[in-house]
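Presented below is the structure to which this report refers.
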Amino acid sequence: MARYNPKESEPKWRAVWDQANVFAAGGPDDPRERYYVLEMFPYPSGRIHMGHVRNYALGDVVARYKRAQGFNVLHPMGWDAFGMPAENAAMERGVHPKGWTYDNIASMRAELKRLGLSIDWSRELATCDPEYYGQQQRWFLMLWKRGLAYRKEGVVNWDPVDNTVLANEQVIDGRGWRSGAPVEKRKLTQWFLRITDYADDLIEGLGQLDRWPDKVRLMQENWIGRSKGLRFRFNFAGYTPTGFGEGLEVYTTRPDTLFGASFVAVSPDHPLAQHVAVYHQDAAAFIVRCRQGGASEADIETGEKLGFDTGLWVQHPFDPNWRLKVYIANFVLMDYGTGAIFACPAHDQRDLDFARKYDLPVRPVVLPTGADPETFAVTNEAYTGPGRLFRSDFLNGMDVETAKAEAIARIEAQGLGRGATVDRLRDWGVSRQRYWGCPIPVIYCAQCGPQPVPSEQLPVILPDDVTFDRPGNPLLRHPTWRHVACPACGGAAERETDTLDTFVDSSWYFARFTNPKAEAAIDKAAADAWLPVDQYVGGIEHAVLHLLYARFITRALKDEGLLSVSEPFAGLFTQGMVTHETYRVDSDGRWVSPGEVEARDGRLVEAATGQPVVVGGVEKMSKSKKNTVAPEDIFDQYGVDAARLFVMSDSPPERDVQWSTGGVEGAFRFVNRVWAEFDSQPVAAGEAHSDADERARALRQATHRLIKGVTESIEGFRFNSGIARLYEFLNVLKGLPADGAGPAGLAARQEALGVLARLIAPFTPHLAEEGWARVGGEGLAVHAPWPVYDPALAADDEVVLPVQINGKRRCEIRVSAGLEPADVEKLILADEEVTRRLEGLSVRKIIVVKDRIVNIVAG
RNA sequence: GCCCCAGUGGCGAAAUGGUAGACGCGGUAGACUCAAAAUCUAUUGUCGAGAGACGUGCUGGUUCGAGUCCGGCCUGGGGCACCA
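Residue 1032, in the working numbering, is where the first sequence stops; the numbers in between run on with no holes.
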């Protein structure tokens, strides 16, 4: 009996799969029902990490299971290949982003292949391939034509050292994540995608995504942030600034508090503020101060409210004699609502802070239940709870919701405004001043304005001859690339040198996978056949950005006629992270990696120095904390199957899993023990033991229950429970005496092993093939159909019913399964032990739950 | 601050309102071995010699019966955040 050798076995089976091309998705004529499984494609950073192992192993379980169930499975892989790290590598190490990226892809592809994933590699794509991003340029131009892409001057985070725009995620504590320089707010003309056009639909669509985690749907809903309120205008009192004859429009969610109005405020970026600044030097200075990234960030952190009194006044909509001051205020955002508010300090904390600072009136108008209208006052904490309106004329006595509706109705009747919903969601700024991204296919002509690059000139390919010796965008200083003729007039013109946010690249790759070689961006027939993705698997960190952008782009492309679905992902599963203990040297606090730590005399020390090591928290594996474990090392030591098994066995897939050496060793032991069962020769049918038939039946029952259990666990994404069933079954199998099994016993064992090989196949595919071959299975395990259980065998014939007396378990009784409660009751009362325990008590009630439990209420 | 989720042995965890702790890790004892590793066997929630009692963050409630359902609190994690 040889020990299982994954190093020999695993590559062997991968070669067999490759040769038989078993993972290629079936074409249009394939009669099987289609099933599309997709994991979020990786960024080619260089090496795979345990998070990848977990993500792709989870997806692979689904893919292999569905294939065994008889589905025509599409399970592709690609690379989210554009992005900053490639440029950083170029700047730091002088390598070209393109070479760096494709090298990384090559090594990561090899690592992923080693994982034994059932991927259709013929569909592989990288977003940095011109065939991919060129198609993206084509549909980008379609969106522009429809007005879904547009240019706008917007305020961006600008890194003054790196000379580039930073995404919000790249700003840490007000500083650029790379340069460490304070980030400035800068106005730049940028390309935007009109995601706000789809805000309604994106919210409504969430309701149909019943195979998405509630958490993700909720996060998207919050992100879109719809609020209901009133949009109305104030007329100016006295002087009306030029251009504001229509008044000043504000948005509020609390129209009920209009009688508590104290002042009106506009954003520093509001046209009115700009207007005032023309005449007022102090106003101009105030606006500059608000704009300065650093200053305003700090103000926000301390929550300090700053304002500038414009000297203008507006009329209260319900009382023309009531005048309100107009301020420019730093806490009012231009890109939310109308960029202007009316303030009710008594019922809004920010307004209250501002009112206290500038000594403005605070008038409570909502009275909490039970409060005294004479004495109720707001001092330093605004009252935002429910109550009844008071000091509010026609709103008096109404609750907040009624008052809101009434105030809106009045304003509408007066023709000053309308009830409105406003979303927190902003349009998506997609311009990046980077080289390593998809060029935006636009040409700027001084005469003709922005022009789309003509179709025959697409794709706009990134030039290879660029330099990274200086910060900023290499495309901007390339000597020739951007100088082109205007497609309209033929005169001298310039290309757009910005590239698209990489989230654009990942917003449609799932559609491209359905036919990655298509002439058009999307092969409609293939996309219609495969989309939506039946099961998408990835990290929760993409709950909003990627998953929202993909939903948006899918809708935009549908409206463009390129797709037929609105929702790209019918099922979504968000898996947890892989964590590990952290270790630090006690004396100097240095992080040390698990491999550098060893136990000496019952204490942990750093192997190299002997210094004591303290165990820190369990955290996500990260290079900075040095708590990573390299997948390749694990594969070398324990094999791929053990690694796959462990990341799925120890925790439910949605939760974090803690990597531990002991844990992977346990998985490795299981692999070996399973192998030992496959490898053991069936005992020659000699003299059958007297209870051989009984044992055979018990094994068959266990086998069929196992099929049921594992199948249900996979269907419910409870892979850890499914694996526990397999462990359990192995213990049963090992516990059965080999001799005297008899013909029935041998047959049952043969059945058990054949079932086991197929049930482990999604988790440990290599071992499954080895076992399937050993037990004489037909063809390959990957081609073997998923076993079907016999319900009669999976059911119990006898059950042990616990007997409770007054809710406490006292004894148990063995009865045949399915026995009616009335009959159980008779048996119970006749039972010796029950009778003994009931001595001195009178039975009041007996509750029998069929095949479950008996509870006797006695007193 | 607002919104959401989770608290079960030494650890990761399991449990359609029905025997709490399956399965794994770790521990203990034993077998094999000259010895160790590996492997195998037994055992392992706490208290108790035992019968038994007590145990799912705390606290009330619903129920014949609550880890599970409902109310209040505590702790931890996540998301959003001058969003009017």
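Each residue gets a CB set at the ideal place from its N, CA and C atoms; glycine is no exception. If you're wondering where the values come from, they're calculated on a predicted model, not measured in any experiment.
**Item:** Of the listed residues Q522, A516, F459, K271, nearest to L503 (C-alpha basis)
**Value:** The sequence as given places Asn at residue 503; Leu does not occur at that position. Closest by alpha carbon: F459.
**Request:** Would you grab the beta carbon distance between L231 and M821 for me? Rounded to a whole angstrom, and I think it's under 8 angstroms.
**Result:** 7 angstroms
**Item:** Opening and closing residue of the beta strand (DSSP E) in which G790 lies
**Value:** 786–793
**Prompt:** If you check the beta carbons only, do A684 and L745 fall under 9 angstroms apart?
**Reply:** no
**Item:** Contacts around V234, its chain only, beta-carbon distance under 8 angstroms, and the 5 residues preceding and following it disregarded
**Value:** M821, I887, F892, P935, F936
**Asked** Residue range of the beta strand (DSSP E) that K401 falls in?
**Response** 400–407
**Collapsed DSSP secondary structure at L479 in the structure displayed** = coil
**Asked** Where does R947 sit, in a helix, a strand or coil, going by DSSP?
**Response** helix
**For I397, the three-state DSSP class (helix, strand or coil)** = helix
**Message:** Which of the three DSSP states is assigned to R561 in this structure?
**Reply:** strand
**Request:** Please list, in chain order, all residues of the same chain as G882 whose beta carbon is under 6 angstroms from its beta carbon, the five residues on each side excluded.
**Result:** R898
**Message:** Closest to S435 by C-alpha separation, out of P386, F407, R536, would be which residue?
**Reply:** R536
**Asked** Where P632 and Q310 are concerned, what is the direct C-alpha to C-alpha distance, given to the nearest angstrom?
**Response** 7 angstroms
**Request:** Return the bridge partner residues of V539 from the DSSP annotation.
**Result:** L562
**Exposure label - E260; buried when at least 16 CB within 10 Å** = buried
**Item:** C662, buried or exposed, once every other Cβ within 10 Å from all chains shown has been counted against 16
**Value:** exposed
**Prompt:** Is D335 buried or exposed, if buried means 16 or more other CB atoms sit within 10 Å of its CB?
**Reply:** buried
**Request:** Drop a sphere of 10 angstroms on the beta-carbon of I292, count the other beta-carbons inside from all chains shown, and report buried for 16 or more, exposed for fewer.
**Result:** buried
**Request:** Could you spell out where the beta strand (DSSP E) holding G243 opens and where it closes?
**Result:** It is not in any beta strand (DSSP E) - G243 carries neither H nor E in the DSSP assignment.
**Request:** Note down, in chain order, each residue of its chain lying with its Cβ closer than 8 angstroms to the Cβ of S760, except the 5 sequence neighbours on either side.
**Result:** Q784, P785
**Prompt:** To the nearest angstrom, how far is it from the Cα of V615 to the Cα of I581?
**Reply:** 45 angstroms
**Request:** Within its chain, find whatever has a CB closer than 8 angstroms to the CB of L1011; leave out the 5 residues flanking it on each side and keep chain order.
**Result:** I978, I1029, A1031
**Asked** With DSSP run on the structure shown, which of helix, strand or coil describes C618?
**Response** strand
**Request:** Label S440 either buried or exposed according to how many other C-beta atoms from any shown protein chain fall within 10 Å of its C-beta, with 16 as the threshold for buried.
**Result:** buried
**Asked** Would you call V451 buried or exposed, if buried means 16 or more other Cβ atoms sit within 10 Å of its Cβ?
**Response** exposed
**Request:** For L366, count neighbouring C-beta atoms within 10 Å of its own C-beta (all shown protein chains included) and say buried if the count is 16 or more, exposed if not.
**Result:** buried
**Message:** Can you tell me which residues form a DSSP beta bridge with F742?
**Reply:** V706
**Message:** Under 8 angstroms: do the segment 672–689 and the segment 700–719 share three or more Cβ pairs, one atom per stretch?
**Reply:** yes
**Prompt:** Are the beta-carbon atoms belonging to R404 and R597 less than 9 angstroms from one another?
**Reply:** no
**Request:** Please name the residue, chosen from A457, P958, A995, Y811, that lies closest to G835 on a Cα-to-Cα basis.
**Result:** Y811
**Asked** Do T369 and R644 come within 9 angstroms of each other at the CB atom, strictly closer than that value?
**Response** Reading off the sequence, residue 644 comes out as Pro, not Arg. No, these two residues do not count as a Cβ contact at 9 angstroms.
**Request:** Apply the 10 Å Cβ neighbour rule to G411 and answer buried if 16 or more other Cβ atoms are within range, or exposed otherwise.
**Result:** exposed
**Request:** Would you list the one or two residues that DSSP bridges to D302?
**Result:** DSSP output for D302 lists no bridge partner at all.
**Prompt:** Is the segment 209–221 touching the segment 966–980 in the sense that three or more CB pairs, one from each, lie closer than 8 angstroms?
**Reply:** no
**Prompt:** Thinking C-beta only, is V657 closer than 9 angstroms to P647?
**Reply:** no
**Message:** With three or more beta-carbon pairs closer than 8 angstroms as the criterion, would you say the segment 597–609 touches the segment 565–578?
**Reply:** no
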